[in-house]
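Asks: The structure that follows is given in the form of structure tokens.
There are 2 protein chains.
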Amino acid sequence: MARAGLTPARIIAAAADLADTDGFENVSMSAVARLFEVKDASLYAHIRSLHELRSGVAALSLAELADQVGAALAGRAGRDALVAFANAYRTYALNHPGRYASTQMSLEPAVAEQSAAGRHAAMTRAILRGYALSEPDETDAVRLLHSTFHGFVLLERGGGFSRGTRSANASWDSALNALHFTLSHWPSS
Amino acid sequence: MARAGLTPARIIAAAADLADTDGFENVSMSAVARLFEVKDASLYAHIRSLHELRSGVAALSLAELADQVGAALAGRAGRDALVAFANAYRTYALNHPGRYASTQMSLEPAVAEQSAAGRHAAMTRAILRGYALSEPDETDAVRLLHSTFHGFVLLERGGGFSRGTRSANASWDSALNALHFTLSHWPSS
DNA sequence: TAATTCTACCTAGGGGTCCTAGTCAACCGT
DNA sequence: ACGGTTGACTAGGACCCCTAGGTAGAATTA
Chain A
160 MARAGLTPAR IIAAAADLAD TDGFENVSMS AVARLFEVKD ASLYAHIRSL HELRSGVAAL
220 SLAELADQVG AALAGRAGRD ALVAFANAYR TYALNHPGRY ASTQMSLEPA VAEQSAAGRH
280 AAMTRAILRG YALSEPDETD AVRLLHSTFH GFVLLERGGG FSRGTRSANA SWDSALNALH
340 FTLSHWPSS
Chain B
160 MARAGLTPAR IIAAAADLAD TDGFENVSMS AVARLFEVKD ASLYAHIRSL HELRSGVAAL
220 SLAELADQVG AALAGRAGRD ALVAFANAYR TYALNHPGRY ASTQMSLEPA VAEQSAAGRH
280 AAMTRAILRG YALSEPDETD AVRLLHSTFH GFVLLERGGG FSRGTRSANA SWDSALNALH
340 FTLSHWPSS
């Protein structure tokens, strides 16, 4: 009986890959076990439950997303920062659909989540520094940006933009234009 | 053996209620069968598969959503129409989380879907008539609106706006302000 | 090196889900 | 009243989650 060399990290990484190829909803203990050519029961020595496996994927994905967005953001400001942030966000979501889907699951306020989601919010606020908003406008703007990016990416991936001849890319650029314009002339009433 | 009086419509309606109370991901043949005090196998005389059941819920929900949004929109124009549309949309999503979640599932271009989603898009375009956009700006604006509403509602329901003291309602109104402003001064470059 | 402990993986099994096939009883039109 | 249709049943296969207990190889210690 050769050992497969399972560790929580490797199991979660494999599950994340599986999510991207087969969909997050198809991430199961059995499916991941098959990847390692191991019985599903064997995974329970490393990961307590399916829920923990999926939460692990979510935490991993949030961290990756924050990394990539952070890297894209480095050294930019104002409109440049907005566009870089948005494009990095969308690129990650489209390249890693399963990982991105995992970030939607409501994970209990775990420590790992706190850090990654916190970084995310901090970066969004960093963008807004170029637009000189004060509270509570800044919070409203953060939520508007996040909503728009999240919604766009989900609809795009779900095929919601397939009708018509206008490309999703063009509409995306247009949306960024609109957001930049709104942020530049924030109606603070 | 008394008959339970199952029909596709009643089964789908029950499934939709179950989605709202227990979550769309928990809509299963077994769970719906339990509601009718019937064995799960009995449902297959009326509904071919779990996928068909869920698609049915999605079609029902899309139709309901279109109805409510359409009713809210009646007789309004311009900013009024935008706000009415948006609030009806959000209200439906928050009051019927499971039904709303069902509308996210990618249903094959079924006939039923065509009609409801088509109505939805037509109504969004009706709003924009007050802003005098021409193609392709109108398509971009439709997508921006839909993305923002969809993203906001999902994040709100997922607890994404729990941090901080700013209420979701206030941020929502602020987002509508911003959208109205952007639509009024659409940067057509 | 040899003995002991540890642990990564195993088998066995209970309970849940989707779905098919085949059966029988209740309803309905004639 | 009767024959056909159909609505719900039981039985069962395939797959899933998860627990309990066993075993063999790795790690630690004597």
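Line by line, the protein sequences give chains A and B.
When you number the first sequence by this note's numbering, it's gap-free, plus one each residue, and the end is 348.
When you number the second sequence by this note's numbering, it's gap-free, plus one each residue, and the end is 348.
Note that CB positions come from ideal geometry on N, CA and C, so glycine has one too.
What distance in whole Å lies between the Cβ atoms of Phe340 of chain B and His344 of chain A, which are believed to be in contact at a cut-off of 8 Å?
Replies: With 8 Å as the limit, His344 of chain A and Phe340 of chain B qualify as a contact, their Cβ atoms being about 7 Å apart.
Asks: In chain A, what lies closer than 9 Å to Phe308 of chain B by C-beta?
Replies: Going along chain A in sequence order, the residues near Phe308 of chain B (Cβ under 9 Å) are Ser306, Gly310.
Asks: Is it buried or exposed for Gly257 of chain B, if we count other Cβ within 10 angstroms and need 16 for buried?
Replies: Answer is buried; the Cβ neighbour count reaches 16.
Asks: With respect to the alpha helix (DSSP H) encompassing Gly215 of chain A, which residues constitute its N-terminal and C-terminal limits?
Replies: Looking at the DSSP string, the run of the alpha helix (DSSP H) that includes Gly215 of chain A is 209-232.
Asks: Got a sec? Which residues, its chain only, sit under 8 Å from Ala231 of chain B by beta carbon, not counting five neighbours each side?
Replies: Within the same chain, Ala231 of chain B has close Cβ partners Ala243, Phe244, Asn246, Ala247.
Asks: For the region 162-181 of chain A against the region 211-229 of chain A, are there 3 or more C-beta pairs whose distance is under 8 Å?
Replies: With the cut-off at 8 Å, the region 162-181 of chain A and the region 211-229 of chain A touch.
Asks: Considering only the alpha carbon of each residue, which of A:Asp179, A:Leu165, A:His279 lies closest to Arg302 of chain A?
Replies: Comparing Cα-Cα distances from Arg302 of chain A to each of A:Asp179, A:Leu165, A:His279, the minimum goes to A:His279.
Asks: Would you check if the region 321-330 of chain A and the region 321-339 of chain B touch, i.e. whether three or more CB-CB distances between them fall below 8 Å?
Replies: Short answer: they don't touch.
Asks: Give the straight-line distance between the Cα atoms of Ala349 of chain B and Thr307 of chain A, rounded to the nearest whole angstrom.
Replies: Any property of residue 349 of chain B remains undetermined from this structure, which presents chain B solely from 160 to 348.
Asks: With C-beta atoms as the reference, is His309 of chain A less than 8 Å away from Leu314 of chain B?
Replies: Cβ atoms of His309 of chain A and Leu314 of chain B: closer than 8 Å.
Asks: Should Asp239 of chain A be flagged as near chain B, meaning a C-beta pair shorter than 8 Å?
Replies: Chain B, which has no Cβ nearer than 8 Å to the Cβ of Asp239 of chain A, makes this no.
Asks: Are the C-beta of Val270 of chain A and some C-beta of chain B separated by less than 8 Å?
Replies: Residue confidence is low: Val270 of chain A scores 46 on pLDDT, short of 50, so the model does not pin down where it sits. Its coordinate-derived value is still stated next. False, the Cβ-Cβ gap to chain B never drops below 8 Å.
Asks: Should Ser326 of chain A be counted as a contact of the ligand FMN given a C-beta to heavy atom distance under 7 Å?
Replies: Because no ligand of any kind appears in the structure shown, any question about the ligand FMN cannot be addressed here.
Asks: How many Å lie between Thr262 of chain B and Ser220 of chain B at the Cα?
Replies: Going from the Cα of Thr262 of chain B to the Cα of Ser220 of chain B covers about 7 Å.
Asks: What are the boundary residues of the alpha helix (DSSP H) that includes Leu177 of chain B?
Replies: First-last of the alpha helix (DSSP H) with Leu177 of chain B: 167-181.
Asks: Kindly list the residues whose CB is nearer than 6 Å to the CB of Gln174 of chain A, restricted to its own chain and excluding five residues on each side of it in sequence; keep chain order.
Replies: Here the sequence assigns Ala to residue 174 of chain A, which means Gln is not the residue at that position. Contacts found: Val186, Val191, Leu212, Val216.
Asks: Among the residues of its own chain, which have a CB less than 7 Å from the CB of Ala222 of chain A, if the five just before and after it don't count?
Replies: Same-chain partners within the cutoff: Ala275.
Asks: Note down, in chain order, every chain A residue with its Cβ under 7 Å from the Cβ of Thr341 of chain B.
Replies: Within 7 Å Cβ-Cβ: Ala337, Phe340, Thr341.
Asks: When you compare each of A:Arg207, A:Thr283, A:Gly182 to Thr166 of chain A by their alpha carbons, which one comes out closest?
Replies: Measuring from the Cα of Thr166 of chain A, the nearest candidate turns out to be A:Arg207.
Asks: What residue range does the alpha helix (DSSP H) around Gly237 of chain B cover?
Replies: Counting along the chain, the alpha helix (DSSP H) containing Gly237 of chain B begins and ends at 237-254.
Asks: Consider the Cβ of Asp179 of chain B: report whether some Cβ of chain A lies at a distance smaller than 8 Å.
Replies: With 8 Å as the cut-off, Asp179 of chain B does not count as an interface residue toward chain A.
Asks: Determine the extent of the alpha helix (DSSP H) in which Phe311 of chain A is found, giving its start and end residues.
Replies: Run containing Phe311 of chain A: 296-316, per the alpha helix (DSSP H) assignment.
Asks: Can you find a CB in chain B that lies within less than 8 Å of the CB of Arg258 of chain A?
Replies: Chain B contact via Cβ: absent.
Asks: Under 8 Å Cβ-Cβ, which residues of chain A neighbour Ala329 of chain B?
Replies: Result: Pro295, Asp299.
Asks: Do you know how far the Cα of Met282 of chain B is from the Cα of Ser189 of chain B?
Replies: About 37 Å.
Asks: Please report the Cβ distance between Leu253 of chain B and Val312 of chain B, rounded to the nearest whole angstrom; I am assuming they are in contact, meaning their Cβ atoms lie under 8 Å.
Replies: Leu253 of chain B to Val312 of chain B, Cβ: 7 Å. Contact.
Asks: Helix, strand or coil: how does DSSP classify Phe340 of chain B here?
Replies: Helix, per DSSP.
Asks: Mind checking Val270 of chain B: buried by the 16 CB within 10 Å criterion, or exposed?
Replies: For Val270 of chain B, the predicted model reports a pLDDT of 46, less than 50, meaning its position is unreliable and no value from the coordinates is stated.
Asks: Taking the alpha helix (DSSP H) that Met188 of chain A falls in, what are its first and last residues?
Replies: Run containing Met188 of chain A: 188-194, per the alpha helix (DSSP H) assignment.
Asks: Just the chain B side, please: which residues come within less than 8 Å of Gly323 of chain A by C-beta, in chain order?
Replies: Those within 8 Å of Gly323 of chain A in chain B are Thr298.
Asks: Please report the straight-line C-alpha distance between Gly193 of chain B and Arg322 of chain A, rounded to a whole angstrom.
Replies: First, the amino acid is wrong: residue 193 of chain B is Arg here, not Gly. Each residue's alpha carbon lies about 39 Å from the other.
Asks: Leu292 of chain B and Ala300 of chain B - do their beta-carbons sit closer together than 8 Å?
Replies: Yes, the Cβ-Cβ distance between Ala300 of chain B and Leu292 of chain B is below 8 Å.
Asks: Using 8 Å for Cβ pairs, my map puts Pro346 of chain B next to Ala240 of chain A. What's the rounded Cβ distance?
Replies: Not confirmed; about 18 Å, so no contact.
Asks: Less than 8 Å between the beta carbons of Phe183 of chain A and Ala236 of chain A, yes or no?
Replies: No. Outside cutoff.
Asks: Could you name the residues of the same chain whose beta carbon sits closer than 7 Å to that of His205 of chain A, not counting the 5 residues immediately before and after it, in chain order?
Replies: Cβ within range, chain order: Leu165, Thr166, Pro167, Ile170.
Asks: Tell me which same chain residues have a C-beta within less than 7 Å of the C-beta of Met264 of chain A, skipping the five on either side of it?
Replies: The residues are Arg213, Ala217.
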